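Notes follow the structure.
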C-alpha cells in the first residue's frame, strides 16, 4: 500500500554494515520509575464502590481464618470471631486503621547496595517467573524441577539487570522438603546480590531462612530489621479464606519487619465472581484482610497490596493470561491500590505450552496491563509457561527482551536543540542520508536499544543462518549466560558462613513445611 | 513462589467442561473509541519546539518538490520556489493557514453503512498489513504476491470486523502494471464493504479507480464527494523530498475530495536524524508540507497526519519494529498530531522472517505504542513480516487476536451493583467456587473474550492434540475463513456494473503507473 520505501522495508534494508557495529548500551536498569500515566478501567465512583463493597464483605460476611493465633489477633483488634466456623468479621474501622499504619514506601535491602530498591507507587520492578514445578529448555526438554534448574534460573535472574528481585523460578523437587529451604536460601545467598525471596512454608523454615540471611550478610538483629531483607508472597485461598501457612507467614514476617505481598489469586468465573468488577471487589476484600492482619500484628509492618486476577478459560477451565479481562483487571487493581495509597504487585504470564507467538502475546499483553496499572512490581515477568507449571529457559530470554524494551522507556529521550539537530537536517540534501553526519557519528553507539535475541537480517541472510526462530536463537543466549556466570563479589565467603548452620540444622532433622 | 493455587495454574486448571461451552461473543468492533489516555514521550515544551523547528525547516531549508504543478501551487500560495533546484521554501504563515482549513473529523463512506467510520482524534481504527510484494503461508510457502494472494487477503480483511479499512495486503505481481489497478479495484469492490484504498500511482489510474467506485456503488459526482470513498497513503521521500506520484496523488485526491494520509517514512539513523526527537521534527516538517499542498490545492480537503518512524537496526541496516525507539516515536507522533489538532495514522509491523515470538513482540509492542499515542488508524496491524516484504497468512490470524484483545477494551466493563455481585459472594462459602451461581450462569456466555487461536489446554492435552504452535493452528483458521467466505450482499451486481468499463479501458491500453 505504501510507496516503495515503506513496502520494501525501507531503503535502509540491505545496507548491512553501512554503519559501524554498535557497542553495548548500558543496561543497568536500577530504581526505575514508571514512565507511563496510570490508566483507568473504571470510574472513580466505581472504584470507591468496589472499596466500600470490599469493606462490607469483611464486615458483614467475613473471612475464614484457619490459624488460631491469627483469629486471636483479630479478636483482640475488635473483630467478631466465630470459633466454630472460624469466620472473622472485620469492622471497617479496623481495616481503615490498618491502612493508616501500612508504610507507603519500603526500602528493599540487597547484598549489593546498588541493587537496593524503593518499593512504592511509581517504582517499576520486575521479578522472573517463579514457583514452577517443571523446567523446559530446547536441549533437555520438559522435566521436573530440580536443584540444578533452581540454581541455573537464579543465575539467569542475576545475569540480567532488568530482573530486580529474586524468586524461585524452579522448585527443586529433588531436595527433601524438610531440607529444601536450606538449599534454596544457600542458592540465593551464594549466587545473587538482589533483594531476596523467602517462602512462607512454616514458622521454623521462615526463622531459619532469616537466620541464614543474617549469617550470610553479617547482620545483627537491628541490621536485619533496618529495611527489608526478605520478601514473600501470600496467596489467600479465594474465596474468603486465609489458610494456616499464609496466616502464619503474615504474622512471622510482620514480627520480623520483613515484607509480605498479599496476593489473592482470584480467577473470575471460578474462585471469584465472573465479572471483573466483582472479582476485583473480592480480591480487594481478601487483600485488605491480609494487610490488616499484618498491621494488627505489628503496626508499620512492610506489606504490599497484591492482585493476580484473570479470567478462567471457559473451554479448558485454565487461567487465562493477557486477555482483555486480564488487562482490565491489572488496570483496575492499580486503581484500587492507588485508592488506598499502597504499593502493589501485579503479574504477567502465559498459558501457552511452548514459547511461541501465543506465549509472547499473553505475556506482553499482561505486561502492558501491569505497567499501565502502575504496578510497583510485576511478578512472573520472564519464563512462565503453562500458567506457571513450567519455567521455560528460552521463554525467559525472550521475555527479557520485552522487559528491556519497557525499561528503556523509563529513561527520557533527549530533545534539546542539539538532539533535534536542525543543523544536521540542513547538512543532508533532499533524498540523502544521515549515516555519516557528525550528529549521527557522535551518537550511534548508544542511540538505540541493542536487541538481545531479535534478528532483523533479511530473509536471505536468515535462511543462510539456518532459518532459526527466536526461541531457537534464545538457547545459545541462556547457555552463554550460564557459562559466563560468576557469583557477585558480595557473595564471597558466604558458603563458609552458612555451612556450619546448615549442617547442624540438617543433622537435627531439618524443618518440615507446616500446613 | 506462590502457593499451590497459583503455581499449579489455579484450581480451575483441569476443570475441563466444568462450565458449559461459551457461545460466540459479538465482535462487531465498529466505530471504536480509544479507551486509553494518550501518553507523553516528550514535554509540552519539547513538542512545541519540534513543531517550531519543523516550521523552520520548511521556511529556511525548504523541501524538494519534483512535480511542476505542485511547485506552481506552492508559488501561487506565496512559497519561495527555486526552479533550478526544485526547492520550495514554505513560510510558516502558509502552513498555519493550511492547518486551519484541514478538517478535524472525516466521514469514511462504505458500501455497508454499518461499516462507515468517523476518522478523527479519539477514533481507533485498524488496517491490515499492506503493500507486501510476497506472501507466505504454512502450506504454500513463501512466494511472489499474485492476484490470488491479493484476493484471499482482501477476503480475510473482510472476514474480521476488527479490520476497519481495506488495503492491498499482497501486490498482484502477475497482473501487468498497466492493468493492475483494474484488478485491484475490482477485488475490493466485489468482495469488500468497508472503506476502500486506492493507490496513487498516476493520474489516469487514480481517475479510473474513482470512476470504478462510482460505477460499483452507483454514485454520481456529488455522491462521490459526499464524504470520503477512497483513501491513499502518501510517503514523502525522506529527507525533504516529495516525488512525482506522491505530489500528484495529493493534488488528485484533494481535488476529488478523497483522503490522503501524509506519511513520511523516517528511519532514525538512516533517512532521518538518529535522535527520535530530531527524526520527529523532520517527519513533522514533511507531513506539514504534504498537508499544506493538499489544502492549497483544495481548502478543506480531507487529509490525515501520518507518522511511520522507527530506528534502523545498526547491525543489519533494516528498519526495526516494536523497539523502545519505535514506541517512543509513536507516542511522540501522537503528541505532534494533537498539537496541530489533526487525526493521525501510525503503524505497527515486524522485521521477523517468521511468525514467531519475535514477530509477536515487535508487532504488539508497536501496537501499544500506536494505541497509547492515540493513533486514529494503525496500519500494517495484521500480517506484516520481513518489514513488509511478506504478508504472512498465519501472522495475519495471530495479529487479529491481538487487535481483538485491544478492541474488547474499547467497551467498558459493567461495575454496577449487579455486576459487583455482593450477593453472589455471600452465596459462596469460603474455599468454594462460583461456577454454578446464578451470577455466573446469567453471564458466562458473553462474560469473556473468546480466543481465536490461543490454546489454553494443559500440557497433556496439548501434546495429544499434536503439540501445535499457535502459528500452526492459525493455518486451519485462515483456510476455514476463506472456505466460508461469501461476498457481502452490497457487492451483488458489482461485477456486471464494472465489466464493460474495465474491458473498454483495458482494450484502449490501460494506464501505466507514472513516475
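Protein chains in written order, with the UniProt record's numbering: chain A, 1 to 515; chain B, 1 to 515. From the three backbone atoms N, C-alpha and C, an ideal C-beta is built for every residue, glycine too. Quick caveat, the model's predicted, so the values are computed rather than measured.
In chain order, which continuous runs of the beta strand (DSSP E) of length 3 or greater are located wholly inside the segment 326 to 412 of chain A?
-> 344 to 347, 377 to 379, 390 to 392
Hey, is the segment 446 to 459 of chain B in contact with the segment 304 to 317 of chain A, meaning 3+ C-beta pairs nearer than 8 Å?
-> yes
Thinking C-alpha only, which one of 347(B), 242(B), 141(B) is nearest residue 67(B)?
-> Here residue 67(B) is taken as the residue at index 67 of the second chain, counted from 1. Nearest option by C-alpha distance: 242(B).
Neighbour-count burial assignment, residue 486(B), 16 or more Cβ in a 10 Å radius | By one-based count along the second chain, residue 486(B) stands at place 486. The residue in question, residue 486(B), is exposed, as its Cβ has fewer than 16 Cβ neighbours within 10 Å.
Which term fits residue 261(B), buried or exposed, when burial requires 16 or more other beta carbons within 10 angstroms of its beta carbon?
-> Reading the second chain from its first residue, position 261 is the one you call residue 261(B). Buried is the label assigned to residue 261(B), since at least 16 other Cβ atoms lie within 10 Å of its Cβ.
Coarse secondary structure for residue 196(B), derived from DSSP in three states | Your numbering for residue 196(B) matches position 196 in the second chain. DSSP places residue 196(B) in strand when its eight states are reduced to three.
What do you get for residue 508(B), buried or exposed, if any count of 16 or more other CB atoms within 10 angstroms of its CB means buried?
-> The residue labelled residue 508(B) in the question sits at position 508 within the second chain. Residue 508(B) should be labelled exposed.
Consider the Cβ of residue 432(B): report whether some Cβ of chain A lies at a distance smaller than 9 Å.
-> Along the second chain, one-based indexing puts residue 432(B) at 432. Yes, its Cβ sits closer than 9 Å to a Cβ of chain A.
So residue 135(B) packs on residue 170(B), CB below 8 Å; how close in whole Å?
-> Within the second chain, numbered from 1, the residue matching residue 135(B) stands at position 135. Within the second chain, numbered from 1, the residue matching residue 170(B) stands at position 170. Right, their Cβ atoms sit about 5 Å apart.
Contact set between the segment 394 to 411 of chain B and chain A, restricted to residues whose Cβ is under 7 Å from the partner = 398, 401, 402, 405, 408, 409
So, helix, strand or coil for residue 490(B), using DSSP?
-> Counted from its first residue, the second chain places residue 490(B) at position 490. The answer is helix: DSSP assigns residue 490(B) an H, G or I state.
Which residue comes first and which comes last in the beta strand (DSSP E) that contains residue 159(A)?
-> By one-based count along the first chain, residue 159(A) stands at place 159. First-last for residue 159(A): 147 to 159, but that is the alpha helix (DSSP H), not the beta strand (DSSP E).
C-alpha distance - residue 160(B) paired with residue 193(B), whole-angstrom precision = Position 160 of the second chain, counted from the start, is the residue given in the question as residue 160(B). Position 193 of the second chain, counted from the start, is the residue given in the question as residue 193(B). Approximately 12 Å, taken between the alpha carbons.
Return the residues of the segment 305 to 321 of chain A that lie within a Cβ-Cβ distance of less than 7 Å from chain B, sorted by chain order.
-> 308, 311, 312, 313, 314, 315, 316, 317, 318, 319, 320
Around the C-beta of residue 343(A), are 16 or more other C-beta atoms found within 10 angstroms, so that it is buried, or is it exposed?
-> The residue you call residue 343(A) lines up with position 343 of the first chain. Classification of residue 343(A): buried, given that the 10 Å Cβ count is 16 or more.
When you compare each of 490(B), 271(B), 493(B) to residue 435(A) by their alpha carbons, which one comes out closest?
-> Along the first chain, one-based indexing puts residue 435(A) at 435. Among 490(B), 271(B), 493(B), the Cα nearest to that of residue 435(A) is on 271(B).
Hey, is the segment 285 to 299 of chain A in contact with the segment 92 to 103 of chain A, meaning 3+ C-beta pairs nearer than 8 Å?
-> yes
Distance, residue 333(B) Cα to residue 19(A) Cα = For the purposes of this step, residue 19(A) is taken as the residue at position 19 of the first chain. For the purposes of this step, residue 333(B) is taken as the residue at position 333 of the second chain. Residue placement at residue 19(A) is flagged as unreliable, the pLDDT there being 37, under the threshold of 50; the coordinate-derived value follows with that caveat. Rounded to the nearest angstrom, the two C-alpha atoms are 26 Å apart.
For the segment 203 to 273 of chain B, list the alpha helix (DSSP H) runs that are entirely contained and at least 4 residues long, ordered along the chain.
-> Runs found: 203 to 217, 221 to 225, 244 to 256.
Is the Cβ-Cβ distance between residue 402(A) and residue 376(A) less than 9 Å?
-> Working through the first chain from its first residue, we reach residue 402(A) at position 402. Working through the first chain from its first residue, we reach residue 376(A) at position 376. Not a contact, by the Cβ cut-off of 9 Å.
Contacting residues, own chain, Cβ-Cβ under 6 Å from residue 188(B) (five flanking each side not counted) | By one-based count along the second chain, residue 188(B) stands at place 188. 166, 196, listed in sequence order.
Can you list, in chain order, the residues of the segment 360 to 373 of chain A whose Cβ is nearer than 8 Å to any Cβ on chain B?
-> Hits within the stretch, in order: 360, 361, 362, 364, 365, 368, 372.
Contacting positions in the segment 61 to 95 of chain A - beta carbon closer than 8 Å to chain B = Of all residues in the segment 61 to 95 of chain A, 61, 63, 64, 87 have a Cβ within less than 8 Å of some Cβ in chain B.
Taking Cβ positions, are residue 324(B) and residue 351(B) nearer each other than 9 Å?
-> Looking up residue 324(B) in the second chain gives position 324. Looking up residue 351(B) in the second chain gives position 351. No, these two residues do not count as a Cβ contact at 9 Å.
From residue 307(A) to residue 330(A), what does the alpha carbon distance come to, in whole angstroms?
-> The residue you call residue 307(A) lines up with position 307 of the first chain. The residue you call residue 330(A) lines up with position 330 of the first chain. When only Cα atoms are considered, residue 307(A) and residue 330(A) end up about 7 Å apart.
Check whether the segment 146 to 164 of chain A touches the segment 26 to 39 of chain A, taking contact to mean three or more Cβ pairs, one atom from each stretch, closer than 8 Å.
-> yes
Using alpha carbons as the reference points, say which of 327(A), 43(A), 345(A) lies closest to residue 120(A).
-> Here residue 120(A) refers to the residue found at position 120 of the first chain. Selected option, being the one with the closest Cα: 345(A).
Given residue 358(B), which residues of its chain have a CB within under 6 Å of its CB, disregarding the five upstream and five downstream residues?
-> The sequence position of residue 358(B) within the second chain is 358, counting from 1. When the five nearest sequence neighbours on each side are left out, the beta carbons in the same chain lying within less than 6 Å of the beta carbon of residue 358(B) are those of 352, in order along the chain.
Cα separation between residue 265(B) and residue 284(B)?
-> Residue 265(B) sits at position 265 when you count from the first residue of the second chain. Residue 284(B) sits at position 284 when you count from the first residue of the second chain. Roughly 11 Å between the two C-alpha positions.
Below 7 Å between beta carbons is the criterion; list the residues of the segment 274 to 293 of chain A that meet it against any residue of chain B, in chain order.
-> 274, 275, 276, 277, 278, 281, 282
Going by the beta-carbon positions, is the gap between residue 87(A) and residue 421(B) smaller than 9 Å?
-> Taking the first chain and counting its residues from 1, one reaches residue 87(A) at position 87. Taking the second chain and counting its residues from 1, one reaches residue 421(B) at position 421. Contact: no.
From residue 464(A) to residue 484(A), what distance separates their C-alpha atoms?
-> Reading the first chain from its first residue, position 464 is the one you call residue 464(A). Reading the first chain from its first residue, position 484 is the one you call residue 484(A). Their Cα atoms are separated by approximately 28 Å.
Going by beta carbon distance, what residues of the same chain come within less than 6 Å of residue 267(B), once the five residues before and after it are set aside?
-> What you label residue 267(B) is simply residue 267 of the second chain in a count that begins at 1. Exclusion of the five residues before and after residue 267(B) leaves 312, 319 as the residues of its chain whose Cβ lies within less than 6 Å of its Cβ.
At what residues does the beta strand (DSSP E) containing residue 175(B) begin and finish?
-> As a working mapping, residue 175(B) is identified with position 175 in the second chain. Neither: residue 175(B) is in no beta strand (DSSP E) and is coded neither H nor E.
Does the beta-carbon distance from residue 151(A) to residue 478(A) come in below 9 Å?
-> On the first chain, residue 151(A) is found 151 positions in, with the first residue counted as 1. On the first chain, residue 478(A) is found 478 positions in, with the first residue counted as 1. It is not a contact, given that the beta carbons lie outside the stated cut-off.
Assign residue 208(A) to one of two classes, buried (16 or more other C-beta atoms within 10 Å of its C-beta) or exposed (fewer than that).
-> For the purposes of this step, residue 208(A) is identified with residue 208 of the first chain, where counting begins at 1. Burial is judged here by how many other beta carbons sit within 10 angstroms of a residue's own beta carbon; residue 208(A) has at least 16 and is buried.
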